[in-house]
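Peer 1: The sequence shown begins at 6 in our numbering and counts up by one.
First, the structure itself, so that you have it in front of you.
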Amino acid sequence: MLVNATRMLRIAHDNHYAVGHFNINNLEWTKAILLEAEAQKSPVILGVSEGAGKYMGGFKVVAAMVKALDESLGITVPVALHLDHGTYNGCLACIEAGFTSIMFDGSSLPFEENIEKTKELVAIAHDKGLSIEAEVGAIGGTEDGVTADGEVADPEECKTIAALGIDFLAAGIGNIHGIYPKDWTGLHIDALQRIQEATGGIPLVLHGGTGIPDAQIKEAIKHGMSKINVNTDCQLVFAEATKEYCLAGKADPTAENTSKGYDPRKLLKPGFEAIRAKVKEKMELFGSVGKAA
Ligand code: 13P
Numbered sequence: 006m007l008v009n010a011t012r013m014l015r016i017a018h019d020n021h022y023a024v025g026h027f028n029i030n031n032l033e034w035t036k037a038i039l040l041e042a043e044a045q046k047s048p049v050i051l052g053v054s055e056g057a058g059k060y061m062g063g064f065k066v067v068a069a070m071v072k073a074l075d076e077s078l079g080i081t082v083p084v085a086l087h088l089d090h091g092t093y094n095g096c097l098a099c100i101e102a103g104f105t106s107i108m109f110d111g112s113s114l115p116f117e118e119n120i121e122k123t124k125e126l127v128a129i130a131h132d133k134g135l136s137i138e139a140e141v142g143a144i145g146g147t148e149d150g151v152t153a154d155g156e157v158a159d160p161e162e163c164k165t166i167a168a169l170g171i172d173f174l175a176a177g178i179g180n181i182h183g184i185y186p187k188d189w190t191g192l193h194i195d196a197l198q199r200i201q202e203a204t205g206g207i208p209l210v211l212h213g214g215t216g217i218p219d220a221q222i223k224e225a226i227k228h229g230m231s232k233i234n235v236n237t238d239c240q241l242v243f244a245e246a247t248k249e250y251c252l253a254g255k256a257d258p259t260a261e262n263t264s265k266g267y268d269p270r271k272l273l274k275p276g277f278e279a280i281r282a283k284v285k286e287k288m289e290l291f292g293s294v295g296k297a298a
């Protein structure tokens with residue numbers, strides 16, 4: 006069932022667990038995540054970056070594919086289709102295309118402009134029944150030209166943007182997208198506490214969910230992180246499983262007993278299964294298993 010993400014994240018926040026946001030890149034990705042969410046009876050958020058949307062043929066294609074898969078696979082758990090790190094025009098396009106949730110990322114804009122545009126999009130999204138995530142500008146991160154730490158959001162800015170009526174907020178607490186550098190100093194739970202306090206208990210979003218130690222993830226959830234974004238982890242296991250399959254010669258048409266292992270349905274299967282296993286692991290860690298209310 007396609008829904009916006011407001012209710013599932015409110016419930017998660019009140020009950021101290023988090024809902025996984027998993028980025029999708031193609032049909033296999035989408036199907037793997039939907040089937041695993043159903044198997045785990047977990048709510049789930051499918052994240053689509055503007056680049057991935059373009060890759061898949063446009064936001065309309067994505068929305069049609071997700072809706073049709075959700076229906077055809079008989080998915081009963083709540084599923085939100087969410088634009089990840091959207092521009093202003095990207096948000097409008099996703100609303101038009103039939104997404105159920107958007108993120109407006111105005112964090113690189115001057116703060117006043119971020120506020121202005123977020124405010125406009127809150128009104129438009131809510132009018133159409135979508136949920137909306139925002140992100141504020143952040144501070145810190147680079148010292149002597151070395152970025153070993155992610156950025157930390159300013160609680161006052163978080164408070165101002167939360168007051169616009171957004172449904173959940175991406176607040177940096179030292180988290181980084183992609184693979185963490187070896188000298189990464191970890192999540193700033195103290196900053197998270199200040200942000201959660203300043204924002205009056207709004208569900209918070211932890212981006213860069215790949216590579217954060219489990220204990221820190223659990224601590225972050227305890228202090229208000231209710232949506233955790235995972236992308237790189239699924240990409241890594243997909244690539245590894247596909248690589249192993251190919252290196253084992255299973256896609257080689259000249260090898261004996263390959264039984265047409267180059268058929269894409271066979272070639273992509275190990276990666277598909279690897280994504281399912283990774284999604285299961287994350288849902289168990291985030292505590293969302295069995296929470297498909
Ligand atoms: P990772 O790629 O680090 O898992 O981050 C995903 C993300 O935050 C998407 O918005």
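In this text, a Cβ means the ideal position worked out from N, Cα and C, and glycines have one as well.
Fair warning: this is a prediction, and the values are worked out from it, not measured in the lab.
Give the straight-line distance between the Cα atoms of residue 169 and residue 38, rounded to the nearest whole angstrom.
Peer 2: Rounded to whole angstroms, residue 169 to residue 38 spans 32 angstroms at the Cα level.
Peer 1: Tell me whether residue 94 is buried or exposed, calling it buried when 16 or more other Cβ atoms sit within 10 Å of its Cβ.
Peer 2: When all chains shown are included, residue 94 counts as exposed.
Peer 1: In the DSSP output, what is residue 85 paired with across the bridge?
Peer 2: For residue 85, which the question treats as bridged, DSSP gives the partners 50.
Peer 1: With respect to the alpha helix (DSSP H) encompassing residue 116, which residues constitute its N-terminal and C-terminal limits?
Peer 2: Taken as a continuous stretch (DSSP letters only), the alpha helix (DSSP H) holding residue 116 covers 116-132.
Peer 1: Cα separation between residue 257 and residue 270?
Peer 2: So the alpha carbons of these two residues sit roughly 15 angstroms apart.
Peer 1: Determine the DSSP secondary structure at residue 104, reduced to helix, strand or coil.
Peer 2: Looking at residue 104 - three-state DSSP - the assignment turns out to be coil, as it is neither helix nor strand.
Peer 1: Using a Cβ distance threshold of 8 angstroms, determine whether the region 209-228 contacts the region 21-28, with at least three qualifying pairs required.
Peer 2: Yes: the two stretches touch, three or more of their Cβ pairs being nearer than 8 angstroms.
Peer 1: Which word fits residue 187, buried or exposed, when buried means at least 16 other C-beta atoms lie within 10 angstroms of its C-beta?
Peer 2: Exposed, since its Cβ has fewer than 16 Cβ neighbours within 10 Å.
Peer 1: For the region 44-60 against the region 169-181, do three or more pairs of beta-carbon atoms, one drawn from each stretch, fall closer than 8 angstroms, so that the two count as touching?
Peer 2: Contact between the region 44-60 and the region 169-181 is absent, because fewer than three Cβ pairs lie under 8 angstroms.
Peer 1: Do you know offhand how far residue 163's Cα is from residue 268's?
Peer 2: Distance between the alpha carbons of residue 163 and residue 268 is about 50 angstroms.
Peer 1: Quick check: the region 235-243 against the region 213-223, are there 3 or more CB pairs under 8 angstroms?
Peer 2: A contact exists between the region 235-243 and the region 213-223.
Peer 1: Would the beta-carbon of residue 9 be found less than 8 angstroms away from any heavy atom of the ligand 13P?
Peer 2: Because no heavy atom of the ligand 13P lies under 8 angstroms away, the Cβ of residue 9 does not count as near it: no.
Peer 1: May I ask you to list the residues that DSSP assigns as paired with residue 178?
Peer 2: Answer is 157, bridged to residue 178.
Peer 1: Any heavy atom of the ligand 13P closer than 8 angstroms to the beta-carbon of residue 242?
Peer 2: No - the ligand 13P has no heavy atom lying nearer than 8 angstroms to the Cβ of residue 242.
Peer 1: At what residues does the alpha helix (DSSP H) containing residue 56 begin and finish?
Peer 2: Element bounds for residue 56: 55-60.
Peer 1: From 241, 232, 71, pick the residue whose C-alpha is nearest to that of residue 279; which is it?
Peer 2: Out of 241, 232, 71, 241 has the C-alpha closest to the C-alpha of residue 279.
Peer 1: Consult DSSP for residue 233 and reduce its assignment to one of helix, strand or coil.
Peer 2: In this structure, residue 233 counts as strand in the three-state DSSP scheme.
Peer 1: If I'm right that residue 67 touches residue 56 with Cβ under 8 angstroms, what's the distance once you round it to whole angstroms?
Peer 2: The Cβ separation is near 12 angstroms, so there is no contact.
Peer 1: Does DSSP put residue 193 in a helix, in a strand, or in coil?
Peer 2: Coil at residue 193, not helix or strand.
Peer 1: With DSSP run on the structure shown, which of helix, strand or coil describes residue 9?
Peer 2: It is coil, neither helix nor strand.
Peer 1: Just to confirm before moving on: does the CB-CB distance between residue 112 and residue 140 stay below 9 angstroms?
Peer 2: A contact, by the Cβ cut-off of 9 angstroms.
Peer 1: With distances taken Cα to Cα, identify the nearest neighbour of residue 157 among 194, 128, 131.
Peer 2: The candidate whose alpha carbon is nearest that of residue 157 is 194.
Peer 1: According to DSSP, is residue 264 helix, strand or coil?
Peer 2: Residue 264: coil per DSSP, three-state reduction.
Peer 1: Would the beta-carbon of residue 193 be found less than 8 angstroms away from any heavy atom of the ligand 13P?
Peer 2: Because no heavy atom of the ligand 13P lies under 8 angstroms away, the Cβ of residue 193 does not count as near it: no.
Peer 1: Could you check where the alpha helix (DSSP H) with residue 5 kicks off and where it finishes?
Peer 2: Because residue 5 is not part of the residues shown, which for the chain are 6 to 298, the question remains open.
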